[in-house]
Structures are given as C-alpha cells and as structure tokens.
Amino acid sequence: MNRKNQYHPETNAIRTRADQTPHMEHSSPMFLTSSFTFDSAEDMRAAFADETDANIYSRFSNPTVDEFAARLAALEGAETGFATSSGMSAIFASFMAFLKAGDHLVSSSSIFGSTHTVITKFLPKWGIEHTYFDINNPESLEAAIKPNTKMVFLETPSNPGLDVIDIAYVAGICKKKNVILNVDNCFATPALQRPILLGADIVTHSATKWIDGQGRVLGGAVVGKKDLVKEVHTFCRSTGPAMSPFNAWVLSKSLETLHIRMARHSETALSLAKALQNNDKLEWVKYPFLETHKQYDIAKKQMVAGGGILCFEIKGGLEKGRRFLDAIDMCSLTANLGDSRTIVSHPSSTTHAKLSEEERQKVGITPGLIRISCGLEHLSDIQQDIEQALQKA
Ligand SMILES: *Cc1c(COP(=O)(O)O)cnc(C)c1O
C-alpha cells in the first residue's frame, strides 16, 4: 500500500492507493476475487500464521477494500482502518471488539436509531449495560462513567437534532478515566471534523452517507490506532461483515471528491439556514454554524464548516409537517441522507413514528421537526422548493 501521509488530507484522499499491478494502470483497479493464491506451501503457511501480510481470503482482507480503509484512515489522521459492509456493522463490531459481559457503555442520548436499538435491545442480552448522557449537559458525562465503563460513544453533530459536544473535552475525561472514546463521525466526515486529532481513540463511519455522496452503496469503517483496529479486524474476520470490493471501489473514488463536495454541501446548508431564519412559517431553524446554535462556539472550534444537514420546526406540528412533505416538488422524500440530491424528512411521522411522544421528546424529535440534507443542486432551486412547500403546508 502506497501511503503518502506527508501531504494534505485532500491530497492523501486522492493519492493513497493499492500497489499498481504489472499493467501500471493509473486509476486503481477493482479486485473482484474471493480468495488469493500462493506459490508454495511455505508462503501459504506464513500467511496463515500472520507472518506476512499477504491476502488470503476477501472476508479477511482485499486490496480494493484496504485501499478505501487506508484512504479514510489517512483523511482522519488515524494510523489505520478497517472497512465493513455498512455503518451499523462498523458500530456493532466496535462494540463487540471491546465490550464483554459485565462491562458498561456510556453514550450520548441523541444517536442514530439503529445504534440506539443495538445499545438498548442487543447489548443487554450479552450482559453489557449502558447509560445515556445528555449532550447538552456535558458535565453529566463524568458522573455517568462507572468503574466498569469501558467505552464512551458519541455522535456529533447528532442526528437529527444537530447538537454538538466538545470532542477534546470528552477525550480529556476518557483519558483520565482510562475509557475508549468512540466517535461516529458520519455527519461531519473527516473533511470537516477529525476526532482522532482531538483525542478520540476510534472513529466509526457510515460510508453510505456523505462519503458515497450519491446514494449508491452501503459501507462502513472503523479507524484508529493499530492495536485497537486490530481487535475490530479480528472480530470481523471471523464473523463476516466484510465490505464488497465493488462498494469499496465506488467509495474510494468518492473520497477523491469528498472535500469539495462537503464544502459545497455546507455552503448551501448555511445559506439556506440563514434564508429560512426569517420565515414566519417556522418556529426555529438549527444549523451548527448559525450564531443562534447553542454550541456555535464549539462547532466553530472543532469543525471546518457546519455540514450539509439543517433542521427546522414548522409551526403547527405533526399535521403541518406531513403537509410540508406532500407539497415538496423537487427534493426527495427518502430515508437516506448525504446525497447529491436534496432530501427532506419528517422524523415524527416516519423514522420515529413508533416511539411514544415522550420518547421522541427525549431524543429531541419535536412534532414539526423537518430535516434537510442539502444536495448539490443550485441553492436557489432548493430554497425555492422548500419555501413554496412551506407556503402550501
Ligand atoms: C446511517 C447512519 C448510521 C448507519 O449506517 P448504515 O450504513 O446505514 O448502516 C450510523 N450512524 C449515523 C449517524 C447514520 O446517519
């Protein structure tokens, strides 16, 4: 693997690649192969004994998948990385690699829905307890850490509420308490925020979102220090959440444009958030780089830009939220985010409809909350569609 870590992150995203084949191809090829061959019994023995880093079988490693993981690790400023089939398999593997029966996990409370399900429905089956702390009350974190706490898990900015927490502050507490800090960096991506450089031990990703950026493939990754990523690899090698080489090839290409895409997504989201701030159909607008955001100073300190997601509360609650979705003309109504096409969603009537009103309140989902994932279309077309739908709602 040819790593050029001495360059800027955007250069590393483009120049980190698997070794060239004898054909000297310029663009990285895709290694669609389940297994790899050996010249001799001795070579094969040495590979299985971990004495060489030769590829054996694509559930363990594959050059195309490793290229994607190495690029992402370089972008995050991490030593190494391991790519998985989806964001959830990366998060699940990061729990399984470090937690055992009797251990305790502390997590911020506003997290991705499936992560919440893993923490509350599955981890307890294996005797792993958890405590949620409120990201808007960072002082409550230290009290939540117990003698058997092994990991702190964070999502910042959070989904869909866009709350932000000071990663360096949390990392300081985790160091003091000797606890692994695991940050889901899906919303910001390494183009805007690099938790490892702020003291996180591992970073987990859903590559399905902004990293792909065009809503094509699923993928995930864990990056961090070599000894920690090795534990994740050991778990995945035997349990099988391998990333497909095809998906890895697509996602590696995506990383080449990540910085310019995230800059544009963020620019559009900030402009749209500012324009909507004065809209009389709205209760409030939230975006990490709006001065009215509660953690604006922290966002400014740890992020290069505010990201592609903004949210707002429609006056009139649930019914108005549904009517807003119906009145949308160009933007897409879909469950994904982080696409070149702008996506609008109304969590309380869709993704979070099964929760009780009280549970929704707890995770920051108000009845009229609308989440916008800004795409790469022209700002005026996005803005016009949202404003006309607000008028009609
Ligand atoms: C989508 C998402 C995930 C899960 O990723 P998948 O690739 O869908 O498995 C995890 N965390 C966040 C913040 C997400 O938005």
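Read left to right, the sequence shown gives residues 156 to 548 (my numbering).
Positions of the beta carbon are idealized from the N, C-alpha and C atoms, including for glycine.
Cβ contact annotation for G519 (same chain, cutoff 8 angstroms, sequence separation greater than five): S265, S313, P315, G316, D318, in chain order. For Y324, DSSP records no beta bridge to any residue.
The residue from P522, T423, T489 with its alpha-carbon nearest to that of G530 is T423. Runs of the beta strand (DSSP E) lying entirely within the segment 467-527, each at least 3 residues long, are 498-500 in chain order. Relative to R496, the option among P443, T192, V358, H420 whose CA is nearest is H420. About 14 angstroms separates the beta carbons of C466 and R515, which is beyond the 8 angstroms limit, so they are not a contact pair. Per the DSSP secondary-structure output, G461 pairs with nothing in a beta bridge. Distance from the CA atom of L437 to the CA atom of L254, rounded to whole angstroms, is 43 angstroms. Per DSSP, M243 is one residue of the alpha helix (DSSP H) stretching across 242-253. Counting C-beta pairs with one atom in each stretch, the segment 225-236 and the segment 368-383 have three or more that are closer than 8 angstroms, which means they touch. Residue state for M179 is assigned as coil, using DSSP reduced to three classes.
The segment 350-364 makes no contact with the segment 177-193; the number of CB pairs closer than 8 angstroms stays below 3. Beta-bridge partners assigned by DSSP to S361: G375. Looking at the DSSP output, M185 shares a beta bridge with no other residue.
About 7 angstroms separates the Cβ atoms of I320 and S263, confirming a contact at the 8 angstroms cut-off.
Taking 8 angstroms as the cut-off, the Cβ atoms of A168 and A403 do not count as close. In this structure, G354 has its beta carbon at no less than 7 angstroms from each heavy atom of ligand 1. With a threshold of 7 angstroms, the Cβ atom of F203 does not count as near ligand 1, since no heavy atom of the ligand is closer than that. Between the segment 210-219 and the segment 337-357 there are fewer than three inter-stretch CB-CB distances shorter than 8 angstroms, so the stretches are not counted as touching.
Judged by beta-carbon spacing, S426 lies within the 8 angstroms limit of L534, meaning their Cβ atoms are closer than that value.
DSSP places T423 inside the alpha helix (DSSP H), whose first and last residues are 413-431. Going by beta carbons, N303 and D258 fall inside the 8 angstroms limit. Assignment of beta-bridge partners to K436 by DSSP yields no partner. Not one heavy atom of ligand 1 is found less than 7 angstroms from the C-beta of F223. In this chain, the alpha helix (DSSP H) harbouring K385 covers 381-394. Taking non-hydrogen atoms of ligand 1 into account, the C-beta of N314 is found less than 7 angstroms away from one of them. A Cβ-Cβ separation of about 6 angstroms places D540 in contact with I483 under the 8 angstroms criterion. In the DSSP assignment, S262 falls within the beta strand (DSSP E) that extends over 259-263. Straight-line spacing of the CA atoms in I328 and E297 works out to 7 angstroms.
Selection S511, R478, E512 evaluated against S500 yields R478 as nearest (Cα-Cα). Close CB contacts of A201 within its chain, under the 8 angstroms cut and outside five residues either way in sequence, are with T207, A209 (chain order). Contact check for I246 and D339: beta-carbon distance about 7 angstroms, within the 8 angstroms limit, so the pair qualifies. Taking the Cα of F186 as reference, the smallest distance to any Cα among E197, S195, D174 is reached at D174.
Collapsing the DSSP output to three states places G316 in coil. Cβ-Cβ distances below 7 angstroms link A376 to A224, L227, G236, F237, A238, T239, A245, H360, A362 in the same chain, with the five nearest sequence neighbours on each side left out; the list follows chain order.
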